Structure formats: structure tokens, C-alpha cells
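S.K.: Residue numbers (this note's numbering), protein chains in the order written: chain A, 21 to 327; chain B, 535 to 702. We treat Cβ as the ideally placed atom computed from N, Cα and C, and that holds for glycine. Keep in mind it's a predicted model, so treat the numbers as computed, not measured.
Spelled out as C-alpha cells, the structure:
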């Protein structure tokens with residue numbers, strides 16, 4: 021009887037991962053330890069995400085849209101101009117206070133980059149067409165910043181620092197990393213320290229030199245070749261990224277519109293382009309795929325296949 | 535100004551933080567008997583419809599409560615099935631066919647054992663041993679104490695072990 025009770029206590033400790041080395045050694049001497057450890061080892065065969073996955077937030081949004089038509093509460097996501105004008109005129113007071121916010125917003129336009137400091141001396145560099153929001157007054161209590169687009173962070177050591185995007189949440193304790201969130205493209209690169217990434221179906225830790233990406237629902241874990249993002253030095257570099265994304269970044273950096281003819285934009289591109297010489301940059305992105313370009317006017321470019 | 539979840543940014547943050555946990559909780563509770571994806575979606579749609587009345591800090595409790603209260607009459611008499619990943623021969627180059635067969639039989643018994651647990655035992659056990667969540671995390675998620683979670687996992691383990699030992 022005593023022996024049984026002792027065994028049970030050890031079992032409870034073992035199951036709680038709250039067992040000393042000596043106790044563990046004793047536990048392993050049991051004749052059926054192999055079965056015990058097989059049960060724990062094989063639990064992973066039943067993992068939910070192997071068989072059923074939850075939708076990404078963007079997919080979920082698609083579901084909400086048709087519901088609008090059935091007289092469910094109107095979404096604020098899409099605001100036809102006409103509707104804003106009406107609300108503005110009719111309910112100025114209510115409208116104004118609803119959107120009144122304690123958040124500080126910083127954003128960049130196309131061809132723009134900017135660096136600024138947060139209240140704790142952490143620094144943020146925004147790439148083009150990006151935006152962040154944060155609460156200065158609450159910063160000392162909670163370091164939380166909302167991001168749309170792409171930014172490089174140098175985080176001062178301190179309490180947990182969270183970067184929240186619609187693609188996922190990145191948490192760090194004092195390090196250097198980039199977070200990129202564009203359409204269907206969520207990417208985190210860690211240059212120093214360790215960052216925690218939480219996205220709809222994944223939760224992981226990235227160490228220095230590693231990058232994590234979700235592109236059109238496909239995840240990729242890889243190594244980074246360099247010490248800090250190229251775009252800080254006015255260059256963009258891509259490793260096996262669809263041409264479509266390369267073109268999107270080109271448009272953001274040079275503030276141009278690119279159209280294509282007979283070009284497969286899903287082809288993967290490895291290479292880069294500079295941000296300060298458009299002719300050179302165009303050559304960099306067209307030559308590898310045997311494409312040509314035509315500058316229609318100052319802001320419009322067409323890429324086409326030369327075959 | 536309290537952040538209610540009607541703002542897309544706030545709502546998307548809540549979604550990204552809790553959708554997976556809610557999904558796993560429902561899957562481990564009901565298995566493949568219902569479409570867990572649909573139920574998660576239902577819960578978040580309900581959150582959206584009530585977004586004016588739910589602050590960000592209450593959102594998690596809200597969706598879990600909705601999920602727990604879901605009327606699940608349709609699965610009352612269905613057997614609980616939790617799928618398992620089969621053993622792939624190419625990953626086990628040294629093992630004999632007999633070993634692979636034994637392993638598959640083991641997993642089948644394990645699957646039946648999981649089905650025989652109470653929902654509470656199964657959810658606690660799988661969230662801990664399959665998802666790797668700590669006891670305190672599970673306690674917070676389900677609104678329980680750590681002791682209760684430990685006890686459920688312990689009970690689950692003993693039942694699984696005894697079922698597997700049982701001869702066919």
C-alpha cells in the first residue's frame with residue numbers, strides 16, 4: 021500500500037514536469053517505464069493542427085462580408101466616401117469622439133523611410149508605405165506597438181515588447197529584428213537576440229540569424245545571410261520571393277506603377293535592387309527573367325517578356 | 535477610452551491570439567464529430583456582432599464562453615474520434631514490418647483510450663502533452679485552478695495506460 025502511494029506521488033510529479041533528478045531516476049527504474057514514456061511520446065500523433073486548421077484573419081474577414089448584406093452590423097473596414105460624408109454631417113460629435121484616440125501614429129509614404137525613438141529609447145525604422153501606432157503615456161507600463169507594413173526594431177532591454185500586426189504578434193525582450201506584413205505576406209527576421217512569433221497556426225521562437233515567413237498561407241523557416249536589413253542601406257534583397265512581391269516593393273520604393281504583359285509573377289526571384297537609381301534597379305529585376313521594360317512616363321513602367 | 539473590439543486592428547489582434555487555442559480546445563473536446571473550424575468561426579462572428587459590449591480584455595473569456603455553451607445535440611450519440619498521424623515507414627529505416635504493425639496497433643488503442651476519457655480529462659491531457667501548454671496556462675484558459683488541471687491529467691494518464699494494457 022505504501023509502495024503504491026509512493027509510486028503515485030512520483031507519477032504526479034513526473035506528469036507535472038516537477039520532478040528532481042533523483043526522483044526521476046527512481047521513477048525510471050519501474051518495470052513499465054517504457055509504456056509510460058511511450059504514452060507521453062506518442063501524444064503528438066494526435067495534434068489538432070494536423071487534421072484541422074483555423075482560418076487566417078484575412079480569410080475570416082471574407083466570411084464576414086456577405087453577412088453585412090443580411091443586415092448585420094456594418095463593418096468599419098470598408099468606408100465608401102459617401103457614407104462618411106453623411107455620418108460626418110449628421111453626427112459630428114459622436115463620430116469625432118469615437119475616433120478620438122490616445123495613440124501616436126507615424127507613417128511613411130512611397131519612397132519614404134523614417135527612424136524615430138520610442139519613450140524607452142528603443143528605435144523603429146519604417147520602410148515605405150508603413151504605419152505604426154502606439155500609446156506614449158502607457159509605454160512605461162506596456163510596450164505595445166501596432167504595425168501595418170514593414171519596420172526594423174532595435175529594442176532596449178526591459179519588459180516584454182510586442183509588435184502586433186494583422187498577420188501575427190511578435191514579442192521580444194531586447195534585441196533587433198524586422199517585421200513585415202503586406203498582403204498575404206507576413207515575415208519576421210531576427211538579427212540579434214530571440215523573438216517570439218505568434219501567428220494563427222504557428223507559435224515559435226526565432227534566434228539570431230533566422231527568418232520566418234508566411235506567404236499566401238505557406239510557411240518558411242530559413243536563415244538570413246546578412247547582419248541587418250538591406251533596405252536600411254537603400255537596397256532591397258530577396259531570397260526566393262515571388263516576382264509579384266518584388267514588383268510591389270519596387271513600386272513602394274520608387275513611387276511608380278508597374279504593369280506587366282505576359283509575365284509570370286509567381287516565379288521566384290533571388291537578388292536585389294538599389295533604391296537610388298531606377299534604371300539600374302529596373303535592370304536588376306528584369307535581366308534574371310529575360311524581361312524588358314518600357315517607361316511609359318515618369319510614374320508608369322511596363323515589364324514584358326522578350327521572348 | 536476603453537478599446538472595444540469593433541476596430542478592425544483590435545479585433546484582428548484578438549483573433550490571432552485566441553483563435554488557435556479555441557480551435558484546439560474544441561477539437562480535443564469533440565474530435566472529428568463536428569466541424570471545429572465552423573464552431574470557431576461562429577464564436578468569433580458572435581464576438582463581432584457584440585463587439586460594442588466586449589472590451590479587448592474580456593474578449594477571450596467571451597469566445598470561450600460562447601464555445602462552451604454551444605448546443606451540440608447533433609453529436610450526442612456520436613463516438614468521439616481523434617485522428618492520429620500514422621507511422622510512415624520511410625522514417626523508420628531500421629524497423630521491421632512487425633514493429634510498424636505493433637506501433638499502429640498501439641496508436642489505435644491509444645485512440646480508443648482517449649475516446650473513453652471524459653471531455654475534461656481529455657482536453658486537459660492533450661493541451662498539456664500534445665500542445666505543450668503548462669498546467670497554469672491550461673488553468674487560465676479554462677478558468678480552473680492548477681490543482682484541478684493536474685488531477686485531470688493524472689486521471690487521464692492512468693485510464694489511458696490501463697486501457698492500453700488491456701488485452702484486445
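When the Cβ atoms of the stretch 584-592 of chain B are set against those of the stretch 692-699 of chain B, are three or more pairs found closer than 8 Å?
M.R.: With a cut-off of 8 Å, the stretch 692-699 of chain B and the stretch 584-592 of chain B do not count as touching, because too few Cβ pairs lie within range.
S.K.: Round the Cβ separation of residue 202/A and residue 268/A to the nearest angstrom and send it over; I've been treating them as touching at under 8 Å.
M.R.: As a working mapping, residue 202/A is identified with position 182 in the first chain. As a working mapping, residue 268/A is identified with position 248 in the first chain. The Cβ separation is near 7 Å, so the contact holds.
S.K.: Are the C-beta atoms of residue 267/A and some chain B residue less than 8 Å apart?
M.R.: Indexing the first chain from 1 puts residue 267/A at position 247. Taking Cβ atoms only, chain B never reaches closer than 8 Å to residue 267/A, which makes this a no.
S.K.: Is it a yes or a no for the stretch 570-587 of chain B touching the stretch 212-230 of chain A, going by three-plus beta-carbon pairs under 8 Å?
M.R.: Contact between the stretch 570-587 of chain B and the stretch 212-230 of chain A is absent, because fewer than three Cβ pairs lie under 8 Å.
S.K.: Leaving out five residues before and five after residue 164/A in sequence, what residues of the same chain have Cβ atoms less than 6 Å from its Cβ?
M.R.: Start at 1 with the first residue of the first chain, and residue 164/A comes out as number 144. Counting only Cβ-Cβ distances below 6 Å, and skipping sequence neighbours, we find 182.
S.K.: Report the rounded CA-to-CA distance for residue 646/B versus residue 640/B, giving the unit in angstroms.
M.R.: Working through the second chain from its first residue, we reach residue 646/B at position 112. Working through the second chain from its first residue, we reach residue 640/B at position 106. Their Cα atoms are separated by approximately 10 Å.
S.K.: If you reduce the DSSP assignment to three classes, tell me which class residue 322/A lands in.
M.R.: Within the first chain, numbered from 1, the residue matching residue 322/A stands at position 302. In the structure shown, residue 322/A sits in a strand (DSSP, three-state: E or B).
S.K.: Could you tell me whether any Cβ in chain B is nearer than 8 Å to the Cβ of residue 125/A?
M.R.: Counting from one through the first chain, the residue named residue 125/A turns up at place 105. It does not; no Cβ of chain B falls within 8 Å.
S.K.: For residue 90/A, count neighbouring C-beta atoms within 10 Å of its own C-beta (all shown protein chains included) and say buried if the count is 16 or more, exposed if not.
M.R.: Mapped onto the first chain, residue 90/A falls at position 70. With a pLDDT of 49 at residue 90/A, under the threshold of 50, the predicted position of this residue should be treated as unreliable, though the coordinate-derived value follows. With fewer than 16 Cβ atoms within 10 Å of its Cβ, residue 90/A is classed as exposed.
S.K.: By a C-beta neighbour count over all protein chains shown, 10 Å radius and 16 as the cutoff for buried, is residue 187/A buried or exposed?
M.R.: Counting from 1 along the first chain, the entry for residue 187/A is found at position 167. When all chains shown are included, residue 187/A counts as buried.
S.K.: Determine the direct distance from the alpha carbon of residue 298/A to that of residue 317/A, and round the result to whole angstroms.
M.R.: Position 297 of the first chain, counted from the start, is the residue given in the question as residue 317/A. Position 278 of the first chain, counted from the start, is the residue given in the question as residue 298/A. Distance between the alpha carbons of residue 317/A and residue 298/A is about 13 Å.
S.K.: Taking the alpha-carbon of residue 563/B as reference, which of 659/B, 580/B, 671/B has the nearest alpha-carbon?
M.R.: Reading the second chain from its first residue, position 29 is the one you call residue 563/B. The shortest C-alpha separation from residue 563/B is found at 659/B.
S.K.: The stretch 575-588 of chain B: which residues have C-beta closer than 9 Å to a C-beta of chain A, in chain order?
M.R.: Within the stretch 575-588 of chain B, the residues whose Cβ lies closer than 9 Å to some Cβ of chain A are 575, 578, 579, 582, 583, 585, 586, listed in chain order.
S.K.: Following the continuous alpha helix (DSSP H) through residue 711/B, name the residue where it begins and the one where it ends.
M.R.: Outside the displayed range of chain B (535 to 702) lies residue 711/B, so it cannot be described from this structure.
S.K.: Specify the secondary structure class of residue 79/A as computed by DSSP and reduced to three states.
M.R.: As a first step, residue 79/A must be located in the first chain, where it is residue number 59. In the structure shown, residue 79/A sits in a helix (DSSP, three-state: H, G or I).
S.K.: Let me make sure I understand the geometry here. Which of 322/A, 222/A, 236/A has the alpha-carbon closest to that of residue 74/A?
M.R.: If you number the first chain from 1, residue 74/A lands on position 54. Nearest C-alpha to residue 74/A: 222/A.
S.K.: I'd like the span of the alpha helix (DSSP H) that includes residue 47/A, first residue to last.
M.R.: Within the first chain, residue 47/A is the residue found at index 27, counting from 1. Start and end: 41-48.
S.K.: Quick one: list the residues of chain B neighbouring residue 197/A, beta-carbon separation under 8 Å, in chain order.
M.R.: Looking up residue 197/A in the first chain gives position 177. Simply none; closest approach about 18 Å.
S.K.: If you draw a straight line from the C-alpha of residue 585/B to the C-alpha of residue 32/A, how long is it?
M.R.: Along the second chain, read from residue 1 onward, the residue named residue 585/B stands at position 51. Along the first chain, read from residue 1 onward, the residue named residue 32/A stands at position 12. Rounded to whole angstroms, residue 585/B to residue 32/A spans 42 Å at the Cα level.
S.K.: Using only the alpha-carbon positions, how far apart do residue 13/A and residue 38/A sit?
M.R.: Summary: the structure shown does not reach residue 13/A, with chain A confined to residues 21 through 327, and so no result is reported for it.
S.K.: Which residues in chain B sit within 7 Å of residue 166/A, going by Cβ to Cβ distance?
M.R.: Here the question's residue 166/A lines up with position 146 in the first chain. Correct list: 543.
S.K.: Cα-Cα, which of 306/A, 310/A, 295/A, 261/A is closest to residue 286/A?
M.R.: Against the first chain, residue 286/A aligns to sequence position 266. Ranking 306/A, 310/A, 295/A, 261/A by Cα distance to residue 286/A puts 261/A first.
S.K.: Which partner residues of residue 168/A appear in the DSSP bridge assignment?
M.R.: By one-based count along the first chain, residue 168/A stands at place 148. Answer is 151/A.
S.K.: From the DSSP output, read off the bridge partner residues of residue 281/A.
M.R.: Your numbering for residue 281/A matches position 261 in the first chain. In DSSP, residue 281/A forms a bridge with 324/A.
S.K.: Going by beta-carbon coordinates alone, are residue 151/A and residue 125/A separated by less than 8 Å?
M.R.: Walking along the first chain from the start, residue 151/A turns up at place 131. Walking along the first chain from the start, residue 125/A turns up at place 105. Going by C-beta atoms, residue 151/A is nearer than 8 Å to residue 125/A.
S.K.: Measure the alpha-carbon distance for residue 43/A versus residue 579/B and round it to whole angstroms.
M.R.: Reading the first chain from its first residue, position 23 is the one you call residue 43/A. Reading the second chain from its first residue, position 45 is the one you call residue 579/B. When rounded, the distance between both Cα atoms is 49 Å.
S.K.: Please name the residue or residues paired with residue 184/A in a DSSP beta bridge.
M.R.: The sequence position of residue 184/A within the first chain is 164, counting from 1. Answer is 166/A, 189/A, bridged to residue 184/A.
S.K.: Give the DSSP bridge partners of residue 640/B, in chain order.
M.R.: Numbered from 1 along the second chain, position 106 holds the residue referred to as residue 640/B. Paired residue(s): none; residue 640/B is not in a bridge.
S.K.: Please decide whether residue 189/A counts as near chain B, where near means a Cβ-Cβ distance under 8 Å.
M.R.: As a first step, residue 189/A must be located in the first chain, where it is residue number 169. Yes, because at least one Cβ of chain B sits closer than 8 Å to the Cβ of residue 189/A.
S.K.: Taking the C-alpha atoms as reference points, what is the distance between residue 98/A and residue 685/B?
M.R.: Taking the first residue of the first chain as 1, we reach residue 98/A at position 78. Taking the first residue of the second chain as 1, we reach residue 685/B at position 151. Caution is warranted here: a pLDDT of 41 is assigned to residue 98/A, below 50, making its placement in the model unreliable, and the coordinate value is therefore given only provisionally. Using only the alpha carbons, I get a separation of about 49 Å.
S.K.: Counting only beta-carbon atoms, is residue 406/A nearer than 8 Å to chain B?
M.R.: Since the first residue of chain A shown is 21 and the last is 327, residue 406/A is not available in this structure.
S.K.: Are the beta-carbon atoms of residue 290/A and residue 270/A separated by less than 8 Å?
M.R.: Position 270 of the first chain, counted from the start, is the residue given in the question as residue 290/A. Position 250 of the first chain, counted from the start, is the residue given in the question as residue 270/A. It is not a contact, given that the beta carbons lie outside the stated cut-off.
S.K.: For residue 211/A, does the three-state DSSP call read helix, strand or coil?
M.R.: On the first chain, position 191 is the one that residue 211/A refers to. Three-state DSSP puts residue 211/A in a strand.
S.K.: Pull the bridge partners of residue 225/A from the DSSP assignment, please.
M.R.: Residue mapping note: residue 225/A aligns to position 205 of the first chain, counting from 1. For residue 225/A, which the question treats as bridged, DSSP gives the partners 216/A.
S.K.: Using the Cβ count rule (16 or more neighbours within 10 Å means buried), how would you classify residue 67/A?
M.R.: Taking the first chain and counting its residues from 1, the one referred to as residue 67/A is at position 47. Buried, because 16 or more other Cβ atoms sit within 10 Å of the Cβ of residue 67/A.
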